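Q: Below you'll find the structure I mean.
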Amino acid sequence: MKARFALGQYTYTNSLLHKLDPRVKILLVFSLVVFLFFVRTITGYLILFVFACSLVVLSKNSFSSVFRSLRPILLLLLFTAVFQIFFTPGRLIFEWRFIKITAEGLRLAIYISIRLILLSFFTFILTSTTSGIELTDGFEALISPLKIFRFPSEEVSLMISISLRFVPVLFEEADRIMKAQMSRGAEFNKGSLVNRARSFLPLLLPLLLNALSRADRLAIAMESRGFVIGKKRTRYREMKLSGLDYVAIAITVSVFVFALVVKEIV
Amino acid sequence: MNSEKIRRITRIGVFIALTIVGAWISVPIGQVPVTLQLFFVLLAGYVLGAKDGFIAMCVYLLLGALGLPVFANFAGGFSVILSPVGGYLISFPFAAFVSGRMFFSKNKFSKFVLSVLLPVFVIYLLGGLQLSYFVKSYKKAIAIGIIPFIPFDIAKAYVALAVAFRLNKHYNKNKRKEKIYGR
């Protein structure tokens, strides 16, 4: 449980991928996620899969940690694939009582599972090599051009960093309150549905009241330190593009174009 | 103006954190593990109001799309939003907006009844639509993705409403104190 408190799989292994600019990483992963849907051949997906695996090796992460991060979405994946297999109309290839499998369904299921696995591979590489602070900094820099359209990019990134900061605190607090109420004899598992629902009140009310008062105290603290929204601030960490970033962009784009234009060999 | 805005931002931030924590805590009620995700979605509307609740849930989805494990069972990433259950996630901002709108209306009926039923309906509508795209039939989507959850979801929504009333009471009491003593 404790390991998950850190939110995400960030592990510091001092690899080349950790040295990349977070803006570049976010942009590359997101364009990969979007353009993944334009790849139409199994060979193309195979190339991307090899690319993703080599990135994992390059990031000095173990494959077991990749699979650990895949585990939560495994059920979803199975769910999706099963739906595709059984509910797609088309040419029948297998029939047993009420179970009908069509060629189209099987094809769709394979495609969607590969896409989902690749998606989670790429997001794993992003979150395992980029800390929460870097992610928000990079994200803020990327959405700041939207200011022209009056999009509150500074506010949004502030919300993100506040929420990431508070998740472990609130998680621990919820755990503590639950144990405290249980030691006083609270039971979350007895009685009718209404009673069970009501038994959550002693857990939720203190959690929420504490959380809201924390939020208000944080606001007062920020204000008293002279925080003004929209004022220009200087940064502790400056982001700068290096040669490494250009190399990463070039490699990713060329691999991707290759995956797009490659002909089916199977 | 500035202090009001900072307060809004910190509250939205904390509420996003609460939603993440709520998606992680799953309590077994009977055989089914129940998460508190829906509870916090509706509460975001009740406590922050329609607009801020909407913003909070949008940023929550954004965090998930960035790949952080903020959804139920520590899942995360764009793939979850595209999966059969993604429709429920996409509906969260709208549900929070509707719940806030209804809760702060002067009409008693919409304040006590619609504020619970309408957001749950919004979640089922969008969630069911995306699910039906995968199972290729509306009837099946309703049978798998909506009917089994109705009692739990309504119960959670009512608890959220009850909590919201208590919170507001407490909060207004503090506000009155602030008025007397000055802040």
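Taken in sequence, the protein lines are chains S and Z. The letter at position 56 of the first sequence is residue 56 when you use our numbering, and the numbering goes up by one with no holes. All you need for our numbering is the position in the second sequence, starting with 1, plus 1000. Backbone N, C-alpha and C fix where the C-beta goes; we use that ideal spot for every residue, glycine too. Remember, predicted model here, so these are calculated numbers, not experimental data.
So what does DSSP say about Z:SER1026, is it helix, strand or coil?
A: Residue state, collapsed to three classes: strand.
Q: S:ARG225: buried (16+ other C-beta within 10 angstroms of its C-beta) or exposed?
A: The residue in question, S:ARG225, is exposed, as its Cβ has fewer than 16 Cβ neighbours within 10 Å.
Q: Which value, in whole angstroms, describes the spacing of the CA atoms of Z:ALA1095 and S:MET182?
A: For Z:ALA1095 and S:MET182, the distance between alpha carbons rounds to 32 Å.
Q: Could you pull the start and end residues of the alpha helix (DSSP H) that Z:ASN1073 belongs to?
A: It is not in any alpha helix (DSSP H) - Z:ASN1073 carries neither H nor E in the DSSP assignment.
Q: Assuming the contact rule is C-beta atoms closer than 8 Å, Z:ILE1055 and Z:SER1091 should be a hit. Round their C-beta distance to whole Å, please.
A: About 16 Å separates the two Cβ atoms, so there is no contact after all.
Q: Using the Cα positions of Z:GLN1037 and S:GLY132, report the straight-line distance between them to the nearest angstrom.
A: Approximately 22 Å between the Cα atoms of the pair.
Q: If the cut is a Cβ gap below 9 Å, which residues of chain S does Z:ASN1107 touch?
A: Near Z:ASN1107 there are no residues of chain S at all, since even the closest Cβ is about 25 Å away, more than 9 Å.
Q: Quick check: is the beta carbon of Z:LEU1018 nearer than 8 Å to any beta carbon in chain S?
A: Yes, Z:LEU1018 lies at the interface with chain S (some Cβ there is under 8 Å from its Cβ).
Q: Three-state secondary structure (DSSP) at S:THR130?
A: In this structure, S:THR130 counts as coil in the three-state DSSP scheme.
Q: Does the contact criterion of 3 or more C-beta pairs under 8 Å hold for the region 136-144 of chain S versus the region 63-80 of chain S?
A: As far as the Cβ criterion goes, the region 136-144 of chain S does not touch the region 63-80 of chain S, which means the pair count is below three.
Q: May I ask you to report which of helix, strand or coil DSSP gives S:THR43?
A: S:THR43: helix per DSSP, three-state reduction.
Q: Suppose the cutoff is 8 Å on Cβ atoms and the five residues either side in sequence are ignored; what does the same chain contact list for Z:LEU990 look like?
A: For residue 990 of chain Z there is no data in the structure shown, the boundaries of chain Z being 1001 and 1183.
Q: Do we get a CB-CB distance below 8 Å when we pair S:ALA180 with the residues of chain Z?
A: Not one chain Z Cβ lies under 8 Å of S:ALA180.
Q: Take Z:GLY1064 and list the residues in its own chain whose beta-carbon comes closer than 6 Å to its own, dropping the five residues that flank it on each side.
A: Closer than 6 Å at the Cβ level, and outside the excluded window around Z:GLY1064, lie VAL1070, PHE1071 and GLY1076.
Q: Does Z:LYS1169 come within less than 8 Å of chain S when only Cβ atoms are used?
A: False, the Cβ-Cβ gap to chain S never drops below 8 Å.
Q: Taking C-beta pairs closer than 9 Å, name the residues in chain S that Z:VAL1135 reaches, listed in chain order.
A: Near Z:VAL1135 (Cβ distances below 9 Å), the residues of chain S are PHE83, PHE86 and PHE87.
Q: Quick check on the burial criterion: 16 or more other C-beta atoms within 10 angstroms. Buried or exposed for S:SER64?
A: That one is exposed.
Q: Tell me whether S:ALA6 sits in a helix, a strand or coil according to DSSP, three-state version.
A: Any reading at S:ALA6 must be qualified, since the residue scores a pLDDT of 47, below 50, and its modelled position is unreliable; the value itself is stated next. Residue state, collapsed to three classes: coil.
Q: Give a yes or no on whether the C-beta atoms belonging to S:PHE256 and S:PHE121 are separated by under 8 Å.
A: No, they are not a contact pair.
Q: Exposed or buried, S:ARG235, counting other C-beta atoms within 10 Å across all chains shown (16 or more means buried)?
A: Exposed, since its Cβ has fewer than 16 Cβ neighbours within 10 Å.
Q: From the DSSP output, in three-state form, read off S:MET1 for me.
A: Bear in mind that the predicted position of S:MET1 carries a pLDDT of just 40, short of 50, making it too unreliable to give a figure here.
Q: Can you tell me where the alpha helix (DSSP H) with S:THR11 in it begins and where it stops?
A: It is not in any alpha helix (DSSP H) - S:THR11 carries neither H nor E in the DSSP assignment.
Q: Where are the alpha helix (DSSP H) runs, 4 residues long or more, that stay fully inside the region 69-102 of chain S, in chain order?
A: Whole alpha helix (DSSP H) segments, 4+ residues: zero.
Q: With three or more beta-carbon pairs closer than 8 Å as the criterion, would you say the region 76-90 of chain S touches the region 106-125 of chain S?
A: Verdict: yes, contact present.
Q: Which residue's Cα is closest to the Cα of Z:LEU1247: S:VAL39, S:ILE26 and S:ASN61?
A: The question about residue 1247 of chain Z has no answer, for chain Z in this structure spans 1001 to 1183.
Q: Can you find the residues in the same chain that come closer than 6 Å, C-beta to C-beta, to S:LEU55, ignoring five residues on each side of it along the sequence?
A: Contacts found: ILE125.
Q: Could you check what DSSP says for Z:ARG1183 in three-state terms: helix, strand or coil?
A: For Z:ARG1183, the pLDDT reaches just 45, beneath the cut-off of 50, and the residue's location in the model is therefore unreliable, leaving the point undetermined.
Q: If you measure beta-carbon to beta-carbon, which residues of the region 135-157 of chain S are closer than 8 Å to chain Z?
A: Under the 8 Å Cβ criterion, the region 135-157 of chain S contributes LEU135, PHE139, GLU155 and VAL156.
Q: What residue range is occupied by the uninterrupted alpha helix (DSSP H) comprising Z:GLY1145?
A: Run containing Z:GLY1145: 1138-1145, per the alpha helix (DSSP H) assignment.
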